[in-house]
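Engineer: In UniProt numbering, the protein residues as written are 1 to 235.
Even glycine gets a Cβ: it sits at the ideal position worked out from N, Cα and C.
Take this structure first; my questions come after.
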Amino acid sequence: MNAPEHGSGHDHEHSDRAPDDRGHDDRGHDAGEMFEAPSWEERYSGEQTVWSGNPNAQLVAEASALTPGTALDVGCGEGGDVIWLAQRGWRVTGADFSANGLARAAGHAEAAGVADRTAWWQVDAREFTAEGRSYDLVTTHFLHPPDHGMVEVTRRLAEAVTPGGHLLVVGHAPDATFTHLAESHRSAMFLAEELLPALPEDFDALVVEQRPRTMTRDGVTMDVHDSTLLARRRA
């Protein structure tokens, strides 16, 4: 998810509507609703795209050095990261809890000429299980389940990483940039090190840090920090 109100992860910087300090977003939704699928089905029901379509910065930074294989992007939104990976030779499954979002993502993949390298899976990350599937890269960006739920999500995602594969989890760090948000949204943010207990014993953490990044939203440029966890499962 781009802003912390989101229950679905997406590429950054475009069209995310943060709630005001009363706990409502600019469409009048209660903040709690923004963590659930119906809110995202509504958001994706219009004609305009919600996200930029550009890949997330930390995905580019880390996946560019990896040998393409199979990948799973959980909280894929409109498919920007899925398409970027597919264009670089990966076979990618995009997962999201919004059927409308997945339909948009599939259309964007078709338009980009990578439909044959992509698949789609409707699933809530909070209930995700590997179901016997494994991937060389499992990634999620700006997915912020409520009540510090990202630790449990990370544990679930780690189960889907094949031996020798990588897990990349990126989200908003709870810094001063977001002090105007409702407490429910601030509590959904996380530091990279807070996710370490979710890693199984056969994982090695390679990157555990809050990376600075400059972003522009609604014409305003600001400095933010991406909590970034990259881990590898031992072969």
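1. Please classify GLN58 as buried or exposed, where buried requires at least 16 other C-beta atoms within 10 Å of its C-beta.
2. Alpha carbons only, please: which of ALA188, ASP175, LEU143, GLU127 is nearest the one belonging to VAL169?
3. Is the region 216-229 in contact with the region 183-194, if contact means three or more CB pairs nearer than 8 Å?
4. Could you check how far apart the C-beta atoms of LEU102 and TRP90 are, in whole angstroms? I think they sit under 8 Å.
5. Ends of the alpha helix (DSSP H) at MET150?
6. From what residue to what residue does the beta strand (DSSP E) around residue 296 run?
7. Are there three or more Cβ pairs, one per stretch, closer than 8 Å when the region 74-85 is compared with the region 108-119?
8. Go through the region 85-128 residue by residue and report every complete run of the alpha helix (DSSP H) that reaches 4 residues or more, in order.
9. Can you tell me whether THR118 is buried or exposed? The criterion is at least 16 other CB atoms within 10 Å of its CB, across all chains shown.
10. Thinking C-alpha only, which one of THR214, VAL224, VAL208, MET222 is nearest GLU62?
11. Among the residues of its own chain, which have a CB less than 6 Å from the CB of ALA106, if the five just before and after it don't count?
12. Compute the distance between the beta-carbons of ARG156 and ALA130, then report whether it is under 9 Å.
13. To which residues does DSSP link ALA205 through a beta bridge?
14. Taking C-beta to C-beta, are ASP124 and GLY94 nearer than 9 Å?
15. ALA31 by DSSP, collapsed to three states: which one?
16. Please report how far the alpha carbon of MET150 lies from the alpha carbon of HIS185, in whole angstroms.
17. Taking just the CA atoms, how far does ALA235 sit from ALA173?
18. DSSP three-state call for GLY79: helix, strand or coil?
19. Taking the alpha-carbon of GLN122 as reference, which of ARG104, LEU137, ASP136, SER134 has the nearest alpha-carbon?
20. Assuming GLY69 and LEU137 form a contact by the criterion Cβ under 8 Å, report the distance between their Cβ atoms to the nearest whole angstrom.
21. Among PRO145, ALA71, ARG233, which residue has its Cα nearest to the Cα of TYR135?
22. Using beta carbons (cut-off 9 Å, strictly below), is ALA192 in contact with chain C?
Structural biologist: Let me lay it out:
1. In the sequence shown, residue 58 corresponds to position 58, counting from 1. Classification of GLN58: buried, given that the 10 Å Cβ count is 16 or more.
2. Indexing the sequence shown from 1 puts residue 169 at position 169. When each option's Cα is compared against that of VAL169, the closest is LEU143.
3. yes
4. Against the sequence shown, residue 102 aligns to sequence position 102. Against the sequence shown, residue 90 aligns to sequence position 90. Contact check for LEU102 and TRP90: beta-carbon distance about 18 Å, past the 8 Å limit, so the pair fails to qualify.
5. As a first step, residue 150 is located in the sequence shown; it is residue number 150 there, counting from the start. That run of the alpha helix (DSSP H) goes 150-158.
6. Since the first and last residues shown for the chain are 1 and 235, residue 296 lies out of range.
7. yes
8. 99-112
9. Here residue 118 refers to the residue found at position 118 when the sequence shown is read from its first residue. By the 10 Å Cβ count, THR118 comes out buried.
10. Within the sequence shown, residue 62 is the residue found at index 62, counting from 1. Of THR214, VAL224, VAL208, MET222, the residue nearest in Cα terms is VAL208.
11. For the purposes of this step, residue 106 is taken as the residue at position 106 of the sequence shown. These residues qualify, in order along the chain: TRP120.
12. Position 156 of the sequence shown, counted from the start, is the residue given in the question as residue 156. Position 130 of the sequence shown, counted from the start, is the residue given in the question as residue 130. Yes, they are a contact pair.
13. The residue labelled residue 205 in the question sits at position 205 within the sequence shown. According to DSSP, which records beta bridges pairwise, ALA205 is partnered with ALA231.
14. Within the sequence shown, the letter at position 124 stands for residue 124. Within the sequence shown, the letter at position 94 stands for residue 94. Not closer than 9 Å, so no.
15. For the purposes of this step, residue 31 is taken as residue 31 along the sequence shown, with counting starting at 1. Note on ALA31: pLDDT 45, under 50, position unreliable in the model; the coordinate value appears next. ALA31: helix per DSSP, three-state reduction.
16. Position 150 of the sequence shown holds residue 150. Position 185 of the sequence shown holds residue 185. Their backbone Cα atoms lie some 12 Å apart in a straight line.
17. Here residue 173 is taken as the residue at index 173 of the sequence shown, counted from 1. Here residue 235 is taken as the residue at index 235 of the sequence shown, counted from 1. Roughly 31 Å between the two C-alpha positions.
18. For the purposes of this step, residue 79 is taken as the residue at position 79 of the sequence shown. Reduced to three states, the DSSP call for GLY79 is coil.
19. For this step, residue 122 is matched to residue 122 along the sequence shown. Measuring from the Cα of GLN122, the nearest candidate turns out to be ARG104.
20. To locate residue 69, count along the sequence shown from 1; it is residue 69. To locate residue 137, count along the sequence shown from 1; it is residue 137. That pair is a contact at about 7 Å.
21. For the purposes of this step, residue 135 is taken as residue 135 along the sequence shown, with counting starting at 1. When C-alpha distances from TYR135 are compared across PRO145, ALA71, ARG233, the shortest belongs to ALA71.
22. Structure shown: chain C not included; a single protein chain is present.
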